[in-house]
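Have a look at the structure below before the remarks.
Residue numbers (our numbering): 3 to 463.
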């Protein structure tokens, strides 16, 4: 893991489009200090590293439940009934019932390393596993989230902590189930977790808050918590993910979830509405006007059978979005972006849906990458997701000689990376100007994998 420095690349996707012979300087804070194009390689300074490939902005992962990495792939056996999100959730609760802080650290470390090797440069951890297996707070109330933060620090990925506010199990302040005992906090308990994270996170790590969902909080509790946290912090919430959630919200309040949220609170550009799968055109218009980011997790949403977000209408109206791996059934920004577009193609029965009718590049993959990087950075509370002076120096390098990229130019390279297969094509990954992945491999891969395997073995006992 190198120190920030100077880098040169033959081709790069900058804030204002593609450029050739690009030279960048990264300062000690990990920020792009200078970005210049048309600098011949022979003219660069001796301390400049020449990167062999195509430079793209790093991609934030705006929605992660690290503990669910331990069960990815284990929910694919039919129960003999109509499998649903609720059946999957019951299996997930069983998996996390006995996870210790140290086991969560080892699981998160493997997950975050996988994210880096896939091209994610930052993760927002939506973390609700707060208490011990009996439901008692740890001595350090933020212990579990701090373990995730330490795992992120050790592998070198950017990190936004999103401690989750979870009090109820359903609309109307329904008391939680026994299986939810590790999640539950009142306002004071939750704010104690926030205070612990304020003290325990590194200066370069971010902190937000995450009311789990409208069914898991009530209005007074959410008002109390939002009034107590520092303004400007990211606020993430699951909303309108399943049809049942929408129906339950309507039965309780007479309003759909997004409508209820906007009637009682004031979401703005600091908010991330995760999933928002089942929304109306009127609700989408409110989301766009507020400048909130929608957090889309296409592979998880497909795996759970949630439904398909109306992305075409939302994006055409100027809506912001980012992507997340959520349950980690896939840890790949390529797959998230690919299936975001493919779901729309299946829905509308035509091609290149999310690039149609917009200004800018006609390349679908490039558009999706640019929008997801910018929206994800906004949702994570960082100035990033773009290569320009003043932004955090998170970037990735693709191997232009990889078979599926060879001979492609500019936007074609991104399109081919996203839509033409899964063979390795990513070589280097930089976070805050420091190389975390070289030649497609993280230097701690073997060590981290061994730790992960021991954690899984322990949980299986």
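Note that beta-carbon positions come from the ideal geometry of N, C-alpha and C, so glycine has one too. Computed from a prediction, not measured in an experiment: that's the story for all the values here.
> Secondary structure at residue 261, three-state DSSP: helix, strand or coil?
Replying inline: helix
>> Threshold first: 3 residues or longer. Then list the beta strand (DSSP E) segments lying entirely within the segment 118-163, N to C.
In response: 122-129
> With 16 as the cutoff for other CB atoms within 10 Å, does residue 258 come out buried or exposed?
Replying inline: buried
>> For residue 11 and residue 24, which I take to be in contact (beta-carbon distance under 8 Å), what is that distance rounded to the nearest angstrom?
In response: 5 Å
> Does the beta-carbon distance from residue 381 to residue 115 come in below 8 Å?
Replying inline: no
>> Can you tell me whether residue 469 is buried or exposed? The criterion is at least 16 other CB atoms within 10 Å of its CB, across all chains shown.
In response: Nothing about residue 469 can be reported from this structure: the residues present for the chain run from 3 to 463 only.
>> Along the chain, where does the beta strand (DSSP E) containing residue 22 start, and where does it finish?
In response: 19-28
> Under three-state DSSP, which class holds residue 227?
Replying inline: helix
> What first and last residue would you give for the beta strand (DSSP E) that runs through residue 369?
Replying inline: Going by DSSP, residue 369 is part of no beta strand (DSSP E) but of the alpha helix (DSSP H) stretching over 366-382.
> Taking the alpha carbon of residue 150 as the point to measure from, which residue in 207, 119 and 319 has its own alpha carbon closest?
Replying inline: 207
> Which residues mark the beginning and the end of the alpha helix (DSSP H) in which residue 80 is found?
Replying inline: Careful: residue 80 lies outside any alpha helix (DSSP H) and carries neither H nor E.
> Under 8 Å between the Cβ atoms of residue 2 and residue 189?
Replying inline: Residue 2 lies beyond the range of the chain shown here (3 to 463); nothing can be said about it.
>> For residue 180, report the span of its beta strand (DSSP E) as first-last.
In response: Unbroken run through residue 180: none, as it is neither H nor E.
> Count the other CB atoms within 10 Å of the CB of residue 143; is the residue buried (16 or more) or exposed (fewer)?
Replying inline: buried
>> To the nearest angstrom, how far is the alpha carbon of residue 431 from that of residue 181?
In response: 39 Å
>> So if DSSP puts residue 289 in a beta bridge, which residue, or which two residues, is it bridged to?
In response: The partner list for residue 289 (beta bridge, DSSP) is empty, contrary to what the question assumes.
> Based on Cα-Cα distance, which residue from 148, 420, 342 and 212 lies nearest to residue 105?
Replying inline: 148
> Is the beta carbon of residue 306 less than 8 Å from the beta carbon of residue 325?
Replying inline: no
>> Classify residue 233: buried if its beta carbon has 16 or more other beta carbons within 10 angstroms, exposed otherwise.
In response: exposed
>> Checking 8 Å against the spacing of the C-beta atoms, do residue 238 and residue 187 come in under that value?
In response: no
> Do you know how far the Cα of residue 312 is from the Cα of residue 357?
Replying inline: 14 Å
> So residue 51 is in the beta strand (DSSP E); what residue range does that whole segment cover?
Replying inline: That run of the beta strand (DSSP E) goes 50-59.
> At a cut of 8 Å, does the segment 380-400 reach the segment 31-50 through at least three beta carbon pairs?
Replying inline: yes
>> Measuring straight from C-alpha to C-alpha, what distance separates residue 134 and residue 226?
In response: 25 Å
> Which whole-angstrom value describes the C-beta separation of residue 348 and residue 420, a residue pair presumed to lie in contact below a C-beta threshold of 8 Å?
Replying inline: About 17 Å separates the two Cβ atoms, so there is no contact after all.
>> Helix, strand or coil, according to DSSP, for residue 429 in the structure here?
In response: Here residue 429 carries a strand assignment [DSSP, helix/strand/coil].
> Do you know offhand how far residue 6's Cα is from residue 434's?
Replying inline: 7 Å
> Which parts of the segment 294-367 are runs of the alpha helix (DSSP H), unbroken and 4 residues or longer, counting only runs that do not cross its ends?
Replying inline: 300-306, 313-318 and 335-350
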